[in-house]
Amino acid sequence: MLKELGRGLITTFKMIIEGPVTTQYPEEKRQVRPRFRGRHILTRYENGLEKCIGCSLCAAACPADAIFVESSENTDEERFSPGERYASTYEINMLRCIYCGFCEDACPTEAIVLGDNYELSFTDRHDAIYTKDMLLEGVPSPEMTTPQKVEPGLYTRSVPEMENPTD
Amino acid sequence: MDWTTWLEWAIKALVLVFTLLIGFGYLTYYERRFLARLQSRLGPNRAGPYGLMQWMADAVKLIFKEELTPAKAYKLVFFLAPIITMVPSIVIAAVIPWGPPVQLFGRTVTQSVADINVGVLFLMSIASIAVYGIVLAGWSSNNKYAMMGGLRSSAQMISYELTLGLSFVAVILLGNSMSLVEIVEAQRGPFGWFVFVQPVGALVLWIATIAEVNRHPFDMPEAEQEIVAGYHTEYSGMKFALFFMAEYQKMIVVSAILATLFLGGYLGPGVDQFPWLGPLYMFIKIFVLLGIMIWVRASWPRIRYNRLMAFGWKVLLPLALAVVFITAVGILLAQEINPWLMWLTPILSLIAGWIATLMVDRTIRRKNYA
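Top to bottom, those sequences are chains V and B. Count along the first sequence starting at 1, add 79, and that's the number in my numbering. Count along the second sequence starting at 1, add 58, and that's the number in my numbering.
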């Protein structure tokens, strides 16, 4: 009896020596896995143009019906993305989204990507709808912001040449 | 009796009560932090530096919580039960000496609220009053689980009170007095602590006190998996806080009793020159004893109810009787033949404890033991 009781005590005492395994969450955050699916990001090309062409394939692929896209025409004076059209409205309802990544797969231009941000909390239903401004990636330098004024005939192709993903 | 004596008593009582109340707060903090360490966690560390203000946050939360009284509860008893539990847990601390007398404002002040000559009896009687609150709480809640918790508590208290009383008897024999101050003074000298003279007695008292205060592994009255929260199932808000407070203060107080009776109380190196070291030594001893209680809570599973009863009546009570007998024999031999024969007591008591362990082992190994 004494041996077993003593073993119990030693087991818990070992834990003191080993130290706590707690991560102090808000101060120190754990690195997420490479294929982690967090909050969406709308990406840009290196020249600052948006990748999203407003095709709504993501909205069609979405099983939770969380994405709403409205597209408008690009002109060479006000160019948002290559090709004819861009997304003038892009909204994702984060309360509906199930982070399945189908939008990422459906996107022909790799515009929408699931990022590593998992800290999504809101105090209001309306705050759960993320608009284009919140989802869009920042520009590398201020003069690259959209809409851009470009020379005519430069960006006619809406879907770029792409390679197979490596990751 | 002049008015200064009354004033002295009032001040000492106030200091004691506030020390116990703050001690309760920091005991919950100590328990949560130490328990967390034993379970590879950190514990509360957000409220204040190192989480030291956690108890205040808890207190504020509990005070402002809604208090519910069940519609079919017996209102008066339901209201009184937490108070009946709470008050004895403070009153019991009155007789414990926290240090040798000190000179203060030209008068000798003893470091205990009351040094009564039947201190040990006082401890016994007040300790058993606390169970009334628990039973009444269980009964007046008009709830099955609460009732069962209260019943379990009363049965457990009655069973372990005998053991507690018998281990007190051994101390009374050794100290040749019922006054706690004289018991402490009798433990002077190298290896004078009664734990060296009567180690098994100290262990038996420790087990019995754990059962008295419903701590793990004897926390049957509030076994979550079986009877929700036991006797305080229907309590919320400040009334629940009172039960919680009573439980933790009882923990402090029984540790203080154990330190006084077996671990030399306030005695320690240099305590005669500096009487204020007395409370410090008491604090250290209580701190260590509480730490062991928390450690046990983290390590051992809860004992089943029938085994709790069997252990109390069939193992601890005979062992406590043996402890009393061995102590008496040791004292008699020391008086009649040679003082060195006193050291037969620890040897014999260790043998008795060993036999009890063997008996428990044999029972556990029995095939149809269930």
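Where is the CB? At the ideal position from N, CA and C, for every residue including glycine. Since the model is a prediction, treat every value here as computed from it, not as a measurement.
Under 8 angstroms by beta carbon: chain B residues contacting residue i
{"i": "Glu-97(V)", "result": "Ser-98"}
Beta-carbon contacts of residue i that lie in its chain and below 7 angstroms, excluding the five residues immediately before and after
{"i": "Gly-180(V)", "result": "Arg-116, Leu-193"}
{"i": "Val-75(B)", "result": "Ile-148"}
{"i": "Lys-343(B)", "result": "Ala-317, Leu-321"}
{"i": "Ile-384(B)", "result": "Thr-403, Leu-406, Ser-407, Ala-410"}
{"i": "Leu-88(V)", "result": "none"}
{"i": "Leu-214(V)", "result": "His-119, Ile-120, Leu-121, Tyr-169, Ile-171"}
{"i": "Asp-195(V)", "result": "Val-111, Phe-115, Gly-117"}
{"i": "Ile-142(B)", "result": "Tyr-190, Gly-191, Leu-194"}
{"i": "Glu-152(V)", "result": "Glu-163, Arg-164"}
{"i": "Ala-94(B)", "result": "Leu-100, Gly-101"}
Residue burial classification, residue i (beta-carbon count within 10 angstroms, cutoff 16)
{"i": "Val-253(B)", "result": "buried"}
{"i": "Gly-217(V)", "result": "exposed"}
{"i": "Glu-125(B)", "result": "exposed"}
{"i": "Glu-240(V)", "result": "exposed"}
{"i": "Phe-249(B)", "result": "exposed"}
{"i": "Val-271(B)", "result": "buried"}
{"i": "Lys-308(B)", "result": "buried"}
{"i": "Phe-226(B)", "result": "buried"}
{"i": "Leu-79(B)", "result": "exposed"}
{"i": "Ile-216(B)", "result": "exposed"}
{"i": "Glu-89(B)", "result": "buried"}
{"i": "Val-450(B)", "result": "Only positions 59 to 428 of chain B appear in this structure, which leaves residue 450(B) out of reach."}
{"i": "Gly-328(B)", "result": "exposed"}
{"i": "Phe-301(B)", "result": "buried"}
{"i": "Phe-136(B)", "result": "buried"}
{"i": "Gly-323(B)", "result": "buried"}
{"i": "Gly-336(B)", "result": "buried"}
{"i": "Lys-133(B)", "result": "exposed"}
{"i": "Gln-393(B)", "result": "exposed"}
{"i": "Trp-264(B)", "result": "buried"}
{"i": "Ile-241(B)", "result": "buried"}
{"i": "Phe-201(V)", "result": "exposed"}
Those residues which DSSP pairs with residue i across a bridge
{"i": "Ala-166(V)", "result": "Ser-150(V)"}
{"i": "Asn-272(B)", "result": "Paired residues: none, contrary to the question."}
{"i": "Tyr-132(B)", "result": "For Tyr-132(B), which the question treats as bridged, DSSP gives no partner whatsoever."}
{"i": "Gln-110(V)", "result": "Paired residues: none, contrary to the question."}
{"i": "Val-167(B)", "result": "Val-160(B)"}
{"i": "Gln-227(V)", "result": "Arg-158(V)"}
{"i": "Arg-123(V)", "result": "Glu-129(V)"}
{"i": "Leu-194(B)", "result": "None; Leu-194(B) has no bridge partner."}
{"i": "Leu-193(V)", "result": "His-119(V)"}
{"i": "Tyr-209(V)", "result": "Ile-171(V)"}
{"i": "Leu-215(V)", "result": "Leu-121(V)"}
Neighbour list for residue i in chain V, Cβ cutoff strictly below 7 angstroms
{"i": "His-415(B)", "result": "Correcting the residue identity first, residue 415(B) is Thr in this sequence and not His. Within chain V, the residues near Thr-415(B) are Met-80, Leu-81."}
{"i": "Ile-422(B)", "result": "Met-80"}
Partners in chain V for residue i, counting only beta-carbon separations shorter than 8 angstroms
{"i": "Ala-356(B)", "result": "Thr-91"}
{"i": "Val-312(B)", "result": "By Cβ distance, chain V contributes nothing, its closest Cβ being about 20 angstroms from Val-312(B), past 8 angstroms."}
{"i": "Ile-361(B)", "result": "Residues of chain V passing the Cβ test: none, with the nearest at roughly 11 angstroms."}
{"i": "Asp-419(B)", "result": "Met-80"}
{"i": "Ile-268(B)", "result": "Correct list: empty, because the minimum Cβ distance to chain V is about 13 angstroms."}
{"i": "Arg-90(B)", "result": "Going along chain V, no residue has its Cβ under 8 angstroms from Arg-90(B), so there is no contact; the nearest lies around 13 angstroms."}
{"i": "Arg-95(B)", "result": "Met-94, Ile-95, Pro-99"}
Under 9 angstroms by beta carbon: chain V residues contacting residue i
{"i": "Trp-353(B)", "result": "Leu-88, Thr-91, Phe-92"}
{"i": "Arg-365(B)", "result": "Those do not exist, as Arg-365(B) stays about 12 angstroms from chain V at its closest Cβ, beyond 9 angstroms."}
beta-carbon residue i near the ligand COA non-hydrogen atom, thresh 7 angstroms
{"i": "Arg-236(V)", "result": "This structure simply doesn't include the ligand COA, nor any ligand for that matter."}
Own chain partners of residue i with C-beta closer than 8 angstroms, once the 5 adjacent residues on each side are dropped
{"i": "Asp-173(B)", "result": "Val-153, Pro-155, Ser-237, Leu-238, Val-239"}
{"i": "Trp-358(B)", "result": "His-274, Pro-275"}
{"i": "Gly-208(B)", "result": "Ile-192, Val-193, Leu-194, Ala-195, Gly-196, Trp-197, Pro-279, Gly-288, Tyr-289"}
{"i": "Asp-330(B)", "result": "Pro-158"}
Same chain, Cβ closer than 6 angstroms to residue i, neighbours up to 5 away in sequence not counted
{"i": "Arg-210(B)", "result": "Met-278, Pro-279"}
{"i": "Ile-361(B)", "result": "Pro-275"}
{"i": "Leu-174(V)", "result": "Ala-207"}
{"i": "Ser-237(V)", "result": "Ile-132, Pro-161, Gly-162"}
{"i": "Tyr-339(B)", "result": "Tyr-324, Gly-326"}
{"i": "Pro-187(V)", "result": "Val-238"}
Proximal chain B residues relative to residue i, where beta-carbon distance stays under 7 angstroms
{"i": "Thr-235(V)", "result": "The contacting residues do not exist; Thr-235(V) stays about 58 angstroms from chain B at best."}
Interface residues of chain B facing residue i [CB-CB closer than 9 angstroms]
{"i": "Leu-136(V)", "result": "Per Cβ cutoff of 9 angstroms: no residues; Leu-136(V) is ~46 angstroms from chain B at best."}
Inset, instruction - Mind listing, in chain order, the continuous alpha helix (DSSP H) runs of no fewer than 4 residues lying wholly within the segment 263 to 313 of chain B? - result: DSSP runs (the alpha helix (DSSP H)) wholly in the segment 263 to 313 of chain B: 282 to 285.
Inset, instruction - Taking only runs that begin and end inside the segment 99 to 153 of chain B, name each unbroken alpha helix (DSSP H) of 4 or more residues, in chain order. - result: Listed in chain order, the alpha helix (DSSP H) elements of length 4 or more contained wholly in the segment 99 to 153 of chain B are 112 to 122, 133 to 149.
Inset, instruction - With a floor of 4 residues, list each alpha helix (DSSP H) that falls wholly inside the segment 316 to 403 of chain B, ordered by position along the chain. - result: If you keep only unbroken alpha helix (DSSP H) runs of at least 4 residues inside the segment 316 to 403 of chain B, you get 335 to 357, 363 to 368, 375 to 394.
Inset, instruction - Just list the alpha helix (DSSP H) runs in the segment 187 to 265 of chain B, keeping only unbroken ones of 4 residues or longer that don't cross its boundaries, in chain order. - result: Taking 4 residues as the shortest admissible run, the segment 187 to 265 of chain B contains the following complete alpha helix (DSSP H) segments, listed from N- to C-terminal end: 202 to 233, 238 to 243, 252 to 255.
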